[in-house]
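Structure record follows, encoded as structure tokens.
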Amino acid sequence: MSQEEKYLAHDLYKEDILGRANVSDSPELLAYYQELEKYKTGALWTIANKIEPWQPQSASVPVLWRYSDLREHVIKSADLVTPEQAGRRVVYLNNSGGKGMSTAVGLLYSGLQTMQPGESASAHAHSSSALRFIMEGRGAYTIVDGQKMLLEENDFVLTPNGTWHEHGVEPDGSQCIWQDGLDIPLVNTLEASFYKVHPELRQAVTEPVNSSIALWGAPALRPQNVGWDKPYSPLFRYQWGPTYEALQRYASIAEGSPFDDILMHYTNPLTGGHVMPTLGASMQLLRPGFVGKAHRHTGSFIYQVAKGQGYSIINGQRFDWQKRDIFCVPSWAFHEHVNTSQTEDACLFCFNDLPVIQALQLYYEEALHDNGGHQQVGG
Ligand code: 1HN
Numbered sequence: 001m002s003q004e005e006k007y008l009a010h011d012l013y014k015e016d017i018l019g020r021a022n023v024s025d026s027p028e029l030l031a032y033y034q035e036l037e038k039y040k041t042g043a044l045w046t047i048a049n050k051i052e053p054w055q056p057q058s059a060s061v062p063v064l065w066r067y068s069d070l071r072e073h074v075i076k077s078a079d080l081v082t083p084e085q086a087g088r089r090v091v092y093l094n095n096s097g098g099k100g101m102s103t104a105v106g107l108l109y110s111g112l113q114t115m116q117p118g119e120s121a122s123a124h125a126h127s128s129s130a131l132r133f134i135m136e137g138r139g140a141y142t143i144v145d146g147q148k149m150l151l152e153e154n155d156f157v158l159t160p161n162g163t164w165h166e167h168g169v170e171p172d173g174s175q176c177i178w179q180d181g182l183d184i185p186l187v188n189t190l191e192a193s194f195y196k197v198h199p200e201l202r203q204a205v206t207e208p209v210n211s212s213i214a215l216w217g218a219p220a221l222r223p224q225n226v227g228w229d230k231p232y233s234p235l236f237r238y239q240w241g242p243t244y245e246a247l248q249r250y251a252s253i254a255e256g257s258p259f260d261d262i263l264m265h266y267t268n269p270l271t272g273g274h275v276m277p278t279l280g281a282s283m284q285l286l287r288p289g290f291v292g293k294a295h296r297h298t299g300s301f302i303y304q305v306a307k308g309q310g311y312s313i314i315n316g317q318r319f320d321w322q323k324r325d326i327f328c329v330p331s332w333a334f335h336e337h338v339n340t341s342q343t344e345d346a347c348l349f350c351f352n353d354l355p356v357i358q359a360l361q362l363y364y365e366e367a368l369h370d371n372g373g374h375q376q377v378g379g
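full-length UniProt numbering numbers the first residue of the sequence shown as 1 and each following residue consecutively.
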């Protein structure tokens, strides 16, 4: 039996505290603890069971953020503050389990940002990595290290750590809304955050518009004599059209995963690996009538419904979703997805901390075996 299987086979709910801390308080011990506190120390056995849980204990809870609830509030923010005042005009997702860290789930941040035609927000750079998923509106653009790219619905866009980035909406566009995803809680937890504002507030566009797609966006083709030595993908914009086509082609020949049906990861075209060192992302297609089985794994996941409707059961709670709704799956939470339409595909965009989890050898996964592989709702 591998070490991983041993962990997973362990009966986690057995009242077996043999080998774990089990010390009752006594006046003598309490005095001893107070004594230790004076020297900024403590007795490990008073906290050991808490800091060494049997299995991952997420501080986050499963949440569904309905777009029908959020949209009007996001739009209203444009009447209340300007991008100049706010820096970024964003309504962030606050997972009540996140305890003051402004996390959407685990160590991931997310928010909904809006900009109006003709507005632009100043350029800045930070050690957090960021991504965007475009929800609605015409004419949005992002400039990343001198590369301007135009953004359309369901496009997925990178702003890797350390890059100068700014956003705006062309004067002839419409009010735009997109989802931001960042690793800020992770970088802050690692106490490694730097942030700077561009000395000229706006950066010059030094490359042709959409140049990262022209260079790196062709399937399985690599431009000659173009170098790239950064630790993140040279492709900054992943367009919806080719992504959806790729999923449909894959679906036409594959049985799919019993948990995720047809899932593809956005990759760095040079390495085939994750798009950025700390953030990964995927798009999955649930074919009409797909009923997924339940599994759980480590890592934190934020989903946005890019197309269709259905529901997910997360740790025994059912969340019905439709296009533009956002939901999270905390680490080690059982989850299963269902496309309730018998005729239309459902597509789920997802971003996650898998690059970190995998790099640290912390990925574990298991299927639910009881009850035909499905959770009991409310259980
Ligand atoms: C940021 O840089 C953006 O560039 C959005 O649009 C949200 C939240 C926290 C820190 C930096 C952006 C952010 C952010």
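Where is the CB? At the ideal position from N, CA and C, for every residue including glycine.
All of these numbers come straight from a predicted model, not from anything done at the bench.
- Taken from the Cβ of V291, every heavy atom of ligand 1 lies 6 Å or farther away.
- Apart from sequence neighbours up to five positions away, the residues of its chain that approach G280 with a beta-carbon distance below 6 Å are H274, N352, L354 and P355, ordered along the chain.
- Taking the Cβ atoms as the reference, V291 lies roughly 34 Å from R237, outside the contact range of under 8 Å.
- It is roughly 56 Å from the alpha-carbon of L286 to the alpha-carbon of L36.
- E166 counts as buried, since no fewer than 16 other beta carbons sit within 10 angstroms of its beta carbon.
- Annotation: the continuous alpha helix (DSSP H) that includes I75 extends over Y67 to L80.
- Just measuring C-alpha positions, the residue of G299, A306, W332 and T340 sitting nearest S312 is T340.
- At the C-beta level, I302 and A130 stay beyond 7 Å of one another.
- Inter-segment contact for the stretch 235-252 and the stretch 292-299 is absent: fewer than three beta-carbon pairs are separated by less than 8 Å.
- In terms of side-chain proximity, the C-beta atom of R222 is found no nearer than 6 Å to any non-hydrogen atom of ligand 1.
- Taking the Cβ of R88 as the reference point, at least one heavy atom of ligand 1 falls within a distance shorter than 6 Å.
- The continuous stretches of alpha helix (DSSP H) do not include R89, and DSSP gives it neither H nor E.
- With fewer than 16 neighbouring CB atoms inside 10 Å of its own CB, T271 falls in the exposed class.
- DSSP places N188 inside the alpha helix (DSSP H), whose first and last residues are I184 to T189.
- Residue range A48 to I51 is occupied by the alpha helix (DSSP H) that includes N49.
- Ligand 1 never approaches D183 closely enough for any of its heavy atoms to be under 6 Å from the residue's Cβ.
- For D261, the pairing in a beta bridge is given by DSSP as S257.
- If you draw a straight line from the Cα of Q322 to the Cα of K196, it is about 38 Å long.
- The residue from G100, H374, L151 and Q342 with its alpha-carbon nearest to that of G241 is L151.
- Annotation for P231: P277 place their beta carbon closer than 6 Å to its own, counting only its chain and skipping 5 residues before and after.
- Under the 8 Å Cβ criterion, the stretch 57-72 counts as touching the stretch 325-344, having at least three qualifying pairs.
- The residues G316, in chain order, have a CB closer than 7 Å to that of G378 in the same chain once the five nearest residues on each side in sequence are set aside.
- R222 and I213 have their alpha carbons spaced roughly 11 Å apart.
- Between the alpha carbons of V205 and Q147 lies a gap of roughly 6 Å.
- Residue burial annotation: T114 is buried, with at least 16 other C-beta atoms found within 10 angstroms of its C-beta.
- Contact annotation, Q342 with G289: C-beta distance approximately 5 Å; criterion of less than 8 Å satisfied.
- Within 10 angstroms of the beta-carbon of N22 lie fewer than 16 other beta-carbons, which makes it exposed.
- Residue pairing by DSSP leaves L360 without any beta bridge partner.
- In this structure, the CA atom of A192 is about 17 Å from the CA atom of H124.
- Q376 sits in coil when the DSSP states are folded into three classes, being neither helix nor strand.
- A straight line joining the alpha-carbon of L362 with that of P53 spans about 15 Å.
- Within its own chain, the residues whose Cβ lies closer than 7 Å to the Cβ of Q116, once the five positions on either side in sequence are excluded, are A78, V169 and Q175, listed in chain order.
- For the 7 Å CB-CB criterion, G373 and A294 form a contact.
- Within the same chain, and ignoring the five residues on either side of E207 in sequence, the residues whose Cβ sits closer than 6 Å to its Cβ are G146 and Q147.
- Non-local C-beta neighbours of H126 in its own chain, meaning closer than 6 Å and more than five positions away in sequence, comprise Y195, ordered along the chain.
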